[in-house]
Amino acid sequence: MRQQLIEAAKTAISRAYAPYSGYKVGAAVLAAGKIYSGVNVENASYGLTMCAERAAVTAAVSDGAKKMEAVAIAVERGSPSPCGACRQVLREFAEDMDIILVAGDGTVRDTTLTRLLPDSFGPSFLSERRRGT
Ligand code: THU
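Here the working numbering is used: the first residue of the sequence shown is -18, the next is one more, and so on.
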């Protein structure tokens, strides 16, 4: 499954829409045995850009998955690292998860969400009632 996740992230890169930065990112989330991919989607109004990780999480949640186990993030050139906003969005659906970073030259680096986002804020900080789950 790990290799499939990596391949899904790498395959997604070609679908990235990054005409402004030229930094193409593909992400693949593993949730309940299924793989959901996403790409970065930039916008002429730069601030509206969507990161690949958040696109993948959105695809998973849209399919009903809310518990995420791992994410692979692949870039065309250079090396990836999920931005702070994406780390927090991933945290919403996992207290911890494996994060697999795939560089443009194929180098793979393994890390975890707790390593990248220590002492994090998450859903349990809010009362059950207010979460509405
Ligand atoms: N980007 C991602 O897709 N994920 C990240 O975690 C870092 C940044 C995208 C956003 C933008 O399209 C481009 O990379 C340059 O910031």
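Note that beta-carbon positions come from the ideal geometry of N, C-alpha and C, so glycine has one too.
In this text, all values refer to a predicted model and were calculated from it rather than measured experimentally.
Check your understanding: Who pairs with L82 in a beta bridge, going by DSSP?
Key -> Working through the sequence shown from its first residue, we reach residue 82 at position 101. DSSP, once it has assigned bridges, lists I54, R90 as partnering L82.
**Study point:** Reduced DSSP category for G7 - H, G, I as helix; E, B as strand; rest coil
**Key:** The residue given as residue 7 occupies position 26 in the sequence shown. Note: G7 maps to strand in three-state DSSP.
Check your understanding: Under the three-state reduction of DSSP, which class applies to S62: helix, strand or coil?
Key -> Along the sequence shown, one-based indexing puts residue 62 at 81. S62: coil per DSSP, three-state reduction.
Check your understanding: Would you say the region 86 to 95 touches the region -2 to 6, given that touching needs at least three Cβ pairs under 8 angstroms?
Key -> no
**Study point:** Member of A46, Q(-16), I(-6), A84 whose CA lies at the smallest distance from the CA of E73
**Key:** Here residue 73 corresponds to residue number 92 of the sequence shown, with the count starting at 1. Here the closest residue by C-alpha is A46.
Exercise for review: Please classify L(-14): is it buried, with 16 or more other beta-carbons within 10 angstroms of its beta-carbon, or exposed?
Suggested key: Within the sequence shown, the letter at position 5 stands for residue -14. That one is buried.
Point to revise | Through-space distance from I81 to T88, alpha-carbon basis | key: The sequence position of residue 88 within the sequence shown is 107, counting from 1. The sequence position of residue 81 within the sequence shown is 100, counting from 1. When rounded, the distance between both Cα atoms is 10 angstroms.
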